[in-house]
Every structure is written in structure tokens, then in C-alpha cells.
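Enquirer: In the numbering used here, the protein residues as written are 867 to 1128. Built from N, CA and C at the ideal position, the CB exists for glycine as well. Remember, predicted model here, so these are calculated numbers, not experimental data. Got a structure for you, written out below as C-alpha cells; questions coming shortly.
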Ligand SMILES: [Zn+2]
Ligand SMILES: [Zn+2]
């Protein structure tokens, strides 16, 4: 009788353990984890606690592929700031949606039609769309442009057509520089900067543009997302540090280190 009880007890333990395994459903794609607000996965992207691998799907409209130099700069930046063991960047060409400009609703619809990678087991997936059309909110007469936007926890758009237009305006700043700055700036938002899922250790929030940094030269300056003044920041950085694309300043790096990053 005692032996039966032991066997029953062990069977019960085995059953509960297998139930726990079933709940995790290894291999099952659950899209909801990739449909959260910007900055909600900051710690997951920065640290190795839940995901050791990072896969970045870059979907681009044919003719609007980012330069190899910018892709390589982004990969270096991700290795510098996160603890991910494996980072893979996958490029996928797409046809044009044939839109004159893009609203956020259209951008979200395009993602649901075209995105192929979602989180899976220990792999965290990021989706970047390189568009052949500007943001609907742009107003060239007022000098208002959006170069890129991180609109969810693992999704961003780069308005590649706008970046290319900007690149023709400067002999000092190349397309690869503008792409690198925009990609890294938008990743900064996915990392939770500034105060967008990663708490600032010290206050360095730009009062005029929340979720941006108020330090004089920093990758998270609002100018690097909205174009206005971007060239002058890059030229200032060139003179001060000999590099065109600004780094994260000490305050932004401190915030990342405080939320699982490097
Ligand atoms: Zn920004
Ligand atoms: Zn900063």
C-alpha cells in the first residue's frame, strides 16, 4: 500500500510537471508579445534574462534597401548596448504599397501583412520597415519631417525616401550616416529611452519633446527623429568628436545599464 502511494505521488508530480511544460507550448508563435507599447520590452531587448537571441527582420520596398554600412553600424550598436549572445539581421525585399504618404494605421496594416518573425522560445524578434513614402504628418513648408518611428515594443518604420532626400542636402553627411543615426535613435526608444519603459536615473528628459534627451549632443535628441536641426547636431558632433553620428550620452547609457543593458 505504501509503495502504491509513493507511485501515485510520483505519477501526480510527473503529471503536474508535464502540465507546466504544456503551458509554455515550446515552438508556438504568440504574436501578442510583439504587439505591446513602445518601450514595454526594453529589459527583454537589453538583458539576457528571457531572450538570448535577437533577430531583426528588415523589410524594405525594392529600391529602398538600407546601406550595408548602416546595417553594420546598427549591429555594432546592438552588441555594445545589449547582452544578446546572438544577433541576426534578415533582409527581405517587398513590393511598393503605392501610397503617396503613410498614416500610422497604414503602417500597422503593412506590418501585419508583411512581418514574418515573432518571438519564439529564447528568440526576440524586431521588425523594421523601410518605406518608399514619407509620414502623413510631414509638412515640408514648416520644416516638419519624420525620419523614423518606433510605434510598438518591437516594431519601427524608417521613412527611407525622406532619409534619401535629406542625404542630398549635405556634402558632409552621407545617407549611411543618416540611416545609422535614425536606426540607432529608434532602437533607443525600443530600449525605453527616455523614460519610455526605462526609468531615468537622473532627470534628462527634454521638456519640449518627452521621450527625448536634453543633453546638448546625444543620439536621443529629438532632432535626430524629426530632421530639423539634425544636420547641425551631426556637424557639431563631427567638430567635437570626429564622428558624424552622435553616441548616447552618459545619462542615457546610465539609464540602460540600470535596466539590464550595457
Ligand atoms: Zn525619437
Ligand atoms: Zn541622452
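Tell me whether residue 1117 counts as near ligand 1, meaning its Cβ is closer than 6 Å to at least one heavy atom of that ligand.
Expert: Using a cutoff of 6 Å, the CB of residue 1117 does not count as near ligand 1, since none of the ligand's heavy atoms is closer than that.
Enquirer: How is residue 872 classed by DSSP in three states: helix, strand or coil?
Expert: Bear in mind that the predicted position of residue 872 carries a pLDDT of just 41, short of 50, making it unreliable; the figure below should be weighed with that in mind. Here residue 872 sits in helix by DSSP.
Enquirer: Considering only C-alpha positions, which residue in the set 1070, 1005 and 1050 is nearest to residue 1028?
Expert: 1005
Enquirer: Kindly indicate the opening and closing residues of the alpha helix (DSSP H) around residue 1057.
Expert: Counting along the chain, residue 1057 falls outside any alpha helix (DSSP H), and DSSP gives it neither H nor E.
Enquirer: Helix or strand or just coil, what does DSSP make of residue 997?
Expert: In this structure, residue 997 counts as coil in the three-state DSSP scheme.
Enquirer: In its own chain, which residues sit with a C-beta less than 8 Å from the C-beta of residue 1118, not counting the 5 before and 5 after it?
Expert: 1054, 1059, 1060, 1070, 1079, 1081, 1084, 1085 and 1086
Enquirer: How many whole angstroms separate the CB atoms of residue 1103 and residue 1112, which I take to be in contact at a CB cut-off of 8 Å?
Expert: Contact annotation, residue 1103 with residue 1112: C-beta distance approximately 5 Å; criterion of less than 8 Å satisfied.
Enquirer: From residue 1038 to residue 1032, what distance separates their C-alpha atoms?
Expert: 12 Å
Enquirer: Identify the residues that DSSP records as bridge partners of residue 959: which are they?
Expert: 926, per the DSSP bridge assignment.
Enquirer: Can you tell me the Cα-Cα spacing of residue 1097 and residue 1056, whole angstroms?
Expert: 24 Å
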